[in-house]
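Report on the structure given below.
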Amino acid sequence: AQSVTQPDIHITVSEGASLELRCNYSYGATPYLFWYVQSPGQGLQLLLKYFSGDTLVQGIKGFEAEFKRSQSSFNLRKPSVHWSDAAEYFCAVGARGGGGNKLTFGTGTQLKVEL
Amino acid sequence: ETGVTQSPTHLIKTRGQQVTLRCSSQSGHNTVSWYQQALGQGPQFIFQYYREEENGRGNFPPRFSGLQFPNYSSELNVNALELDDSALYLCASSLAGSGANVLTFGAGSRLTVL
Numbered sequence: 006a007q008s009v010t011q012p013d014i015h016i017t018v019s020e021g022a023s024l025e026l027r028c029n030y031s032y033g034a035t036p037y038l039f040w041y042v043q044s045p046g047q048g049l050q051l052l053l054k055y056f057s058g059d060t061l062v063q064g065i066k067g068f069e070a071e072f073k074r075s076q077s078s079f080n081l082r083k084p085s086v087h088w089s090d091a092a093e094y095f096c097a098v099g100a101r102g103g104g105g106n107k108l109t110f111g112t113g114t115q116l117k118v119e120l
Numbered sequence: 131e132t133g134v135t136q137s138p139t140h141l142i143k144t145r146g147q148q149v150t151l152r153c154s155s156q157s158g159h160n161t162v163s164w165y166q167q168a169l170g171q172g173p174q175f176i177f178q179y180y181r182e183e184e185n186g187r188g189n190f191p192p193r194f195s196g197l198q199f200p201n202y203s204s205e206l207n208v209n210a211l212e213l214d215d216s217a218l219y220l221c222a223s224s225l226a227g228s229g230a231n232v233l234t235f236g237a238g239s240r241l242t243v244l
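Sequence lines, in order, name chains R and D.
Every position in the first sequence, counted from 1, becomes a number in our numbering once 5 is added.
Every position in the second sequence, counted from 1, becomes a number in our numbering once 130 is added.
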């Protein structure tokens, strides 16, 4: 069974500082990988996804993530955080080949941005 | 193009009651899936509908059921509500074959069971 671990429940960074949110997954093969962001009272917005190819993927709002097969990781990064980035971030894994739309999410990382 | 819309946005029920939540897919999408997000947790997959049939289900009891209509909209029904059913229920739509698992989520329906 697939699973996702986001080891950091809360992270606080200063505006303008760099950010890295950790994500480790468990899956028997190369999975589909996603990062979503959720603002209060909102649904989930897709930041970026990895399906295959280049292991460094670029997303919206200046975010990027790197797939590292050897570490089973898919960490999210941003070089300079803006106050509007404060939200909850979810990493998710999807099965290849017949897995349909079943995504397995981590428990999320709440990001606080200090001005 | 319109996104995924869900109704109602908030509702309160009592234990044992039944609830129906509704979802309109994003224009052009033909697959709908439902997720339950308890407070402080990540979303959990309930089930998926494609061509008006359930074609994938997570670890949820049969009292969670759904429908998909010819216009690809969907309903989630929960019978015999329990306190633990209190959660944000998220609907997501996608286009089968376009790139599996690329979901567009609605803002959710927040259910409180007293």
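Glycine is no exception: its CB is placed at the ideal position from the N, C-alpha and C atoms.
What residues from chain D crowd round residue i, counting only those whose CB sits closer than 8 Å?
i            : result
T2 (chain R) : Absent from the structure is residue 2 (chain R), since the part of chain R shown begins at 6 and ends at 120.
Using a 10 Å radius around the Cβ and a threshold of 16 neighbouring Cβ atoms, would you call residue i buried or exposed?
i              : result
D90 (chain R)  : buried
E93 (chain R)  : buried
S48 (chain R)  : Looking at the sequence shown, residue 48 (chain R) is not Ser but Gly. Classification of G48 (chain R): buried, given that the 10 Å Cβ count is 16 or more.
A34 (chain R)  : exposed
S137 (chain D) : exposed
T242 (chain D) : exposed
G172 (chain D) : buried
Q156 (chain D) : buried
H159 (chain D) : buried
Q76 (chain R)  : exposed
I176 (chain D) : buried
D214 (chain D) : exposed
L108 (chain R) : buried
S19 (chain R)  : exposed
P200 (chain D) : exposed
T132 (chain D) : exposed
L244 (chain D) : exposed
Output, in chain order, the set of chain R residues within a Cβ distance shorter than 9 Å of residue i.
i              : result
F190 (chain D) : Result: empty, since nearest Cβ-Cβ is about 12 Å, beyond 9 Å.
L220 (chain D) : G48, L49
State the start and end residues of the unbroken beta strand (DSSP E) segment that holds residue i.
i              : result
Q50 (chain R)  : 49-55
G170 (chain D) : Neither: G170 (chain D) is in no beta strand (DSSP E) and is coded neither H nor E.
G99 (chain R)  : 92-99
A217 (chain D) : 217-224
W40 (chain R)  : 37-43
V208 (chain D) : 204-208
E269 (chain D) : Any question about residue 269 (chain D) goes unanswered here, given that chain D covers just 131 to 244.
Q115 (chain R) : 114-119
F194 (chain D) : 194-198
F110 (chain R) : 108-110
V8 (chain R)   : One detail in the question is off: residue 8 (chain R) reads as Ser in this sequence, not Val. Run containing S8 (chain R): 8-10, per the beta strand (DSSP E) assignment.
Chain R partners of residue i, CB-CB under 8 Å?
i              : result
A237 (chain D) : G46, Q47, G48
F199 (chain D) : Ordered by position in chain R, no residue passes the 8 Å Cβ test against F199 (chain D), which lies about 18 Å from the chain.
G146 (chain D) : Result: empty, since nearest Cβ-Cβ is about 28 Å, beyond 8 Å.
V232 (chain D) : L51, K54
Under 9 Å between beta-carbons, which chain D residues line up against residue i? List them in chain order, please.
i             : result
F72 (chain R) : Going along chain D, no residue has its Cβ under 9 Å from F72 (chain R), so there is no contact; the nearest lies around 15 Å.
Can you pull the chain R residues whose beta carbon is under 7 Å from the beta carbon of residue i, in chain order?
i              : result
G196 (chain D) : Those do not exist, as G196 (chain D) stays about 13 Å from chain R at its closest Cβ, beyond 7 Å.
Kindly indicate if chain C contains any beta-carbon less than 7 Å away from that of residue i.
i              : result
G158 (chain D) : Included in the structure are the protein chains R and D, with no chain C among them.
Would you say the beta carbon of residue i comes nearer than 6 Å to a heavy atom of the ligand FAD?
i              : result
L206 (chain D) : No copy of the ligand FAD occurs in the structure displayed, which carries no ligand at all.
Measuring CB atoms only, is the region 131-148 of chain D touching the region 65-82 of chain R, in the sense that at least three cross pairs come out at less than 8 Å?
Contact between the region 131-148 of chain D and the region 65-82 of chain R is absent, because fewer than three Cβ pairs lie under 8 Å.
Measuring CB atoms only, is the region 104-118 of chain R touching the region 56-63 of chain R, in the sense that at least three cross pairs come out at less than 8 Å?
Using a Cβ-Cβ distance cut-off of 8 Å, the region 104-118 of chain R and the region 56-63 of chain R are not in contact, since fewer than three pairs of beta carbons, one from each stretch, lie closer than that value.
Looking at C-beta atoms only, is the number of pairs between the region 148-166 of chain D and the region 195-215 of chain D that lie closer than 8 Å three or more?
When C-beta atoms of the region 148-166 of chain D are compared with those of the region 195-215 of chain D, three or more pairs fall below 8 Å, so the two segments count as touching.
Please list, in chain order, the residues of the region 51-62 of chain R that have any C-beta partner in chain D closer than 8 Å.
With the criterion set as a beta carbon lying under 8 Å from some beta carbon of chain D, the members of the region 51-62 of chain R are L51, K54, F56, in sequence order.
Members of the region 75-102 of chain R that neighbour chain D once the beta carbon cut-off is set at 7 Å:
Within the region 75-102 of chain R, the qualifying residues are F95, G99.
How do the region 7-17 of chain R and the region 28-42 of chain R stand: do at least 3 beta-carbon pairs fall below 8 Å, yes or no?
Verdict: yes, contact present.
With 8 Å as the C-beta to C-beta threshold (strictly closer), list the residues of the region 199-217 of chain D near chain R in chain order.
Closer than 8 Å at the C-beta level to chain R, one finds no residue of the region 199-217 of chain D.
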